[in-house]
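Novice:
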Amino acid sequence: MPRLLDHRPDLQTERLSLRRPADRDVDAIVNAVGVWDVARRLARVPYPYTPDDARFFLERIVPAEWVWAITLRGSDHLAGVVGLTPQEHADTAELGYWLAPAHWGHGLMTEAARAVIAFGFDHLGLPALTSEYFDDNPASGRVLAKLGFVETGRILRPCVAIGGDVRAVRMILERPTAWTAPD
Ligand SMILES: CC(C)(COP(=O)(O)OP(=O)(O)OC[C@H]1O[C@@H](n2cnc3c(N)ncnc32)[C@H](O)[C@@H]1OP(=O)(O)O)[C@@H](O)C(=O)NCCC(=O)NCCS
10 MPRLLDHRPD LQTERLSLRR PADRDVDAIV NAVGVWDVAR RLARVPYPYT PDDARFFLER
70 IVPAEWVWAI TLRGSDHLAG VVGLTPQEHA DTAELGYWLA PAHWGHGLMT EAARAVIAFG
130 FDHLGLPALT SEYFDDNPAS GRVLAKLGFV ETGRILRPCV AIGGDVRAVR MILERPTAWT
190 APD
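In this text, residue positions in the sequence shown follow the numbering used here: the first is 10, and each later residue adds one.
1. Are the beta-carbon atoms of S6 and R50 separated by less than 8 Å?
2. Just the Cα atoms here: how many angstroms apart are R82 and T94?
3. Counting only runs of 3+ residues fully inside the stretch 91-160, write out the beta strand (DSSP E) ranges in chain order.
4. Grab the span of the alpha helix (DSSP H) containing A31 for me, first residue to last.
5. Is there at least one non-hydrogen atom of ligand 1 closer than 7 Å to the beta-carbon of V175?
6. By the three-class DSSP mapping on this structure, what secondary structure does I181 have?
7. With respect to 7 Å, is the separation between the Cβ of A148 and the closest non-hydrogen atom of ligand 1 below this value?
8. Among D19, D46, A63 and L25, which residue has its Cα nearest to the Cα of P147?
9. Using a Cβ-based criterion (distance less than 7 Å to any ligand heavy atom), does R163 qualify as near ligand 1?
10. Does the Cβ of R163 have 16 or more other Cβ atoms within 10 Å, making it buried, or fewer, making it exposed?
11. Against chain D, does W107 count as a neighbour if the rule is that its beta carbon must be under 8 Å from one of theirs?
12. Below 8 Å on the Cβ atoms is my contact criterion, and I expect L165 with D174 to pass it. Report the Cβ-Cβ distance as a whole number of Å.
13. Short check: CB of E141 to CB of A177, under 8 Å?
14. Please tell me whether V91 and P30 are closer than 8 Å, where the distance is taken between their beta carbons.
15. Using 8 Å for Cβ pairs, my map puts M180 next to V152. What's the rounded Cβ distance?
16. Measure how close the beta-carbons of D61 and V54 come, nearest whole angstrom, since I'm counting them as under 8 Å.
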């Protein structure tokens with residue numbers, strides 16, 4: 010899978026444009042991930058979250074994973090991030106995402122993730138995608154359910170911002186046999 014990482018086209022949906030995150034996004038990333046209610050729901054980000062943390066994301070994570078900046082069509086401003094993390098010993102990738110709080114509640118993440126899922130199935134040929142959410146985050150559970158993910162188990166997952174393990178729900182979406190990419 011890693012050799013395919015260079016193949017990362019911009020993606021379009023009805024309301025969104027998804028593009029590669031860039032240096033000009035540092036402030037928008039810090040302003041959003043620096044909010045406790047965002048950071049505590051993500052596994053891998055520290056809190057407080059600084060511009061150096063955003064630069065680490067841009068320099069180390071973005072080249073190694075399929076990650077897109079979510080922008081509203083007609084605006085270049087980063088509203089959130091969605092991506093697929095390749096799994097080391099499996100032919101799957103993990104879907105992850107966050108959105109700045111000002112944009113919550115409008116169906117945007119479901120729309121963005123749907124485009125990334127289509128990319129994972131159609132262009133990467135992945136047979137399945139996984140995701141995990143902390144069990145005190147029902148909005149994320151609802152996003153995954155709307156996308157067709159189903160629960161496969163419960164685990165304790167480390168959360169860097171919280172500094173300890175948090176109860177989490179594991180989810181999977183298998184590529185349908187008659188998969189067709191959404192418009
Ligand atoms: C989770 C997150 C991405 C959702 O983004 P969003 O664009 O608001 O999501 P959508 O609007 O597509 O869908 C949210 C769904 O959750 C529901 N929801 C929201 N808050 C809820 C709550 N407290 N309890 C139950 N359902 C809730 C909404 O009603 C909606 O479902 P519906 O369409 O059936 O009405 C966003 O809240 C976020 O970025 N949170 C912080 C970071 C995070 O949690 N990332 C995911 C880590 S696993």
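All residues carry an ideal CB built from backbone N, CA and C; glycine is no exception.
Specialist: This is what the structure gives:
1. Only positions 10 to 192 of the chain appear in this structure, which leaves residue 6 out of reach.
2. 25 Å
3. For the stretch 91-160, whole beta strand (DSSP E) runs of length 3 or above, ordered along the chain, are 101-108 and 137-143.
4. Neither: A31 is in no alpha helix (DSSP H) and is coded neither H nor E.
5. no
6. strand
7. yes
8. D46
9. No, the Cβ of R163 stays beyond 7 Å of every heavy atom of ligand 1.
10. exposed
11. No chain D appears in this structure, which consists of one protein chain only.
12. 4 Å
13. Contact flag set, yes.
14. no
15. Actually they do not touch by this definition, with Cβ atoms about 10 Å apart.
16. Between V54 and D61 the Cβ distance is about 12 Å, and since that is not below 8 Å, they are no contact.
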